[in-house]
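Participant: Chains as they are written, first to last, in my numbering: chain A, 1095 to 1515; chain B, 1103 to 1214.
From the three backbone atoms N, C-alpha and C, an ideal C-beta is built for every residue, glycine too.
Note that this is a predicted model, so its numbers are computed, not measured.
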């Protein structure tokens, strides 16, 4: 496969043309070239965040001499393992800014990438099931108003209209109201990775899969190259965007991160007819529920409570999540579950991400998105591209630097939400 | 499901009976330490892929703290010992070495 393949523009006319000739004219969506000896920028990690970083490096800064390396296949990590929820109803101003930037980019992403990412702004509700949550979410609504993020507080009756299958007067976890973001929703997670990958490839960037980074070469405190399973590849700048494995990669470059990796899991039911057209998050009981376009009920749960890299999750968390959700959504008690899987998420102390320069010149990290990275992909890539291209953070990334830990400028979303999220 | 034996009460407890307390054998920094050392103590973590020494508390049992040696890639448990122990005892080191010959406790920064 030549490394200059172009995928061609997708449109209704292209579809009609190909329908007339047995679909023989479609090109591959992205090329699979062999790596060159040297690139201006290497992005490690071909997940959503890494591919978005590369895409906005090309689109916003004209830097296309870029390689995106992945030890597996693109989008095969957390990008392909999340519950696809998109929202921006965060309490702290820096979080709201970057997540709302991401949401705004998601709104036009299919057109921008010429690839249908199936963004579905179906609305999102966070249930308040304790008095503490009522106060917390009302506070978030007021904060969101000041940030220019449209959210509202809804009472149980309105909530029941929005989500007819919900049981609002459960004995253990009654529904006392909710935080509603009508612009929130879901997108097709694989398509986000594929769309960015295709656009990057079309700009001439190299996406190199099955290429594991085994070492980082530095000289005089400056990055020079990475050693990989496909040989040494030189670079001027290195962006580490590898989520749960960030600590491991940072160790190769000789520094440590305030990150701990845990497994987060999700499961889906058998497909059923449409029954719920919003996303519902029940943070008290760690249960997140939405219905996919295929009809499956997609359920996200809490994280394992100890460091691990097993990518499989644990049964007692499935039980914990489903036990609580069955009270709030009695109908799911009759469903069979089809699949369960896990991903490795990178948790920071304040549950906010890190977009930062590092102790090594030319190396930048984008990590710490924890359990909520999917919704941030476009905004994260946008801010990271700015950081990598200019060598210093722009307004979106400025507050998310590594120095915030030393200086005590936490962006404390763990307190804001009461849970990991 | 992770099952650990509490070294205090001897009970084999599964993970819902226990609470994880993070990386063990951290050197405590305080007044007089440098900003860098204090930041490292507060936030920087090894987060190893492989052998991990970590604190656990038997919250729904004897309520005491202990340390477990565990592999984060396979969830294999090498042993547990009381939290008052300043460095992993010999039998734990041997158990780890038997399964992971390359593992070096001094590199882990726990032997001094």
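Does the beta carbon of residue 1162 of chain B fall short of 7 Å from some heavy atom of the ligand NAP?
Facilitator: Absence of the ligand NAP is noted for the structure shown, with no ligands found whatsoever.
Participant: Using the beta-carbon of each residue, which ones in chain B are nearer than 9 Å to residue 1117 of chain A?
Facilitator: Those do not exist, as residue 1117 of chain A stays about 43 Å from chain B at its closest Cβ, beyond 9 Å.
Participant: Counting only beta-carbon separations shorter than 8 Å, does residue 1277 of chain A have a partner in chain B?
Facilitator: For residue 1277 of chain A, the answer is no, since every Cβ of chain B falls outside 8 Å of its Cβ.
Participant: Return no unless some Cβ of chain A is closer than 8 Å to the Cβ of residue 1137 of chain B.
Facilitator: Closer than 8 Å: yes.
Participant: Between the Cα of residue 1107 of chain B and those of B:1172, B:1153, B:1138, B:1146, spot the shortest distance and give me the residue it belongs to.
Facilitator: Nearest C-alpha to residue 1107 of chain B: B:1172.
Participant: Counting only Cβ-Cβ distances shorter than 9 Å, please list the residues of the segment 1389-1422 of chain A near chain B, keeping chain order.
Facilitator: Residues passing the 9 Å Cβ filter: 1398, 1399, 1400, 1401, 1402, 1403, 1404, 1408, 1409, 1410, 1414.
Participant: List, from N- to C-terminal side, the alpha helix (DSSP H) runs of 4 residues or more that fit wholly inside the segment 1280-1312 of chain A.
Facilitator: Runs of the alpha helix (DSSP H) inside the segment 1280-1312 of chain A: 1283-1296.
Participant: In terms of alpha-carbon separation, which member of A:1163, A:1407, A:1489, A:1183 lies closest to residue 1233 of chain A?
Facilitator: Cα-wise, what sits closest to residue 1233 of chain A is A:1183.
Participant: Should the segment 1128-1135 of chain A be regarded as contacting the segment 1273-1291 of chain A, the criterion being three or more beta carbon pairs within less than 8 Å?
Facilitator: At 8 Å Cβ cutoff, the stretches do not touch.
Participant: Spell out a yes or no on whether the segment 1366-1380 of chain A and the segment 1417-1433 of chain A are touching, meaning 3 or more CB-CB pairs, one atom from each, closer than 8 Å.
Facilitator: Touching, per the Cβ criterion.
Participant: For residue 1177 of chain B, which option in B:1164, B:1154, B:1187, B:1161 has the closest C-alpha, if you only look at C-alpha atoms?
Facilitator: Residue 1177 of chain B has its Cα closest to that of B:1154, out of B:1164, B:1154, B:1187, B:1161.
Participant: Please report the straight-line C-alpha distance between residue 1343 of chain A and residue 1199 of chain B, rounded to a whole angstrom.
Facilitator: Roughly 24 Å separates the two Cα atoms.
Participant: Work out the CA separation of residue 1489 of chain A and residue 1190 of chain A for me, nearest whole Å.
Facilitator: Each residue's Cα considered, the two are about 13 Å apart.
Participant: So what does DSSP say about residue 1225 of chain A, is it helix, strand or coil?
Facilitator: Of the three classes helix, strand and coil, the one that applies to residue 1225 of chain A here is helix, per DSSP.
Participant: Residue 1480 of chain A and residue 1491 of chain A - do their beta-carbons sit closer together than 8 Å?
Facilitator: In this structure, residue 1480 of chain A lies closer than 8 Å to residue 1491 of chain A by Cβ.
Participant: Cβ of residue 1383 of chain A within 8 Å of Cβ of residue 1290 of chain A?
Facilitator: In this structure, residue 1290 of chain A does not lie closer than 8 Å to residue 1383 of chain A by Cβ.
Participant: Alpha carbon to alpha carbon, how far is residue 1402 of chain A from residue 1341 of chain A?
Facilitator: Taking the straight line joining both Cα atoms gives about 12 Å.
Participant: Taking only beta-carbon atoms, is residue 1104 of chain B less than 8 Å away from chain A?
Facilitator: Yes, residue 1104 of chain B lies at the interface with chain A (some Cβ there is under 8 Å from its Cβ).
Participant: When burial is assigned at 16 or more other CB atoms within 10 Å of the CB, is residue 1114 of chain A buried or exposed?
Facilitator: It counts as exposed.
Participant: Going straight from the alpha carbon of residue 1453 of chain A to that of residue 1310 of chain A, what length do you get?
Facilitator: Those two C-alpha atoms are separated by around 13 Å.
Participant: What do you get for residue 1114 of chain B, buried or exposed, if any count of 16 or more other CB atoms within 10 angstroms of its CB means buried?
Facilitator: That one is exposed.
Participant: Do we get a CB-CB distance below 8 Å when we pair residue 1174 of chain B with the residues of chain A?
Facilitator: Closer than 8 Å to some Cβ of chain A, the Cβ of residue 1174 of chain B qualifies, so yes.
Participant: Take residue 1207 of chain A and list the residues in its own chain whose beta-carbon comes closer than 6 Å to its own, dropping the five residues that flank it on each side.
Facilitator: Excluding residues within five positions, the ones whose Cβ falls inside 6 Å are 1289, 1293.
Participant: Any beta-carbon of chain B closer than 8 Å to the one on residue 1201 of chain A?
Facilitator: For residue 1201 of chain A, the answer is no, since every Cβ of chain B falls outside 8 Å of its Cβ.
Participant: I'd like to know if residue 1185 of chain B contacts chain A, where contact means its C-beta is closer than 8 Å to some C-beta of that chain.
Facilitator: No, residue 1185 of chain B does not count as interfacial toward chain A.
Participant: Please classify residue 1245 of chain A: is it buried, with 16 or more other beta-carbons within 10 angstroms of its beta-carbon, or exposed?
Facilitator: Under this definition residue 1245 of chain A is a buried residue.
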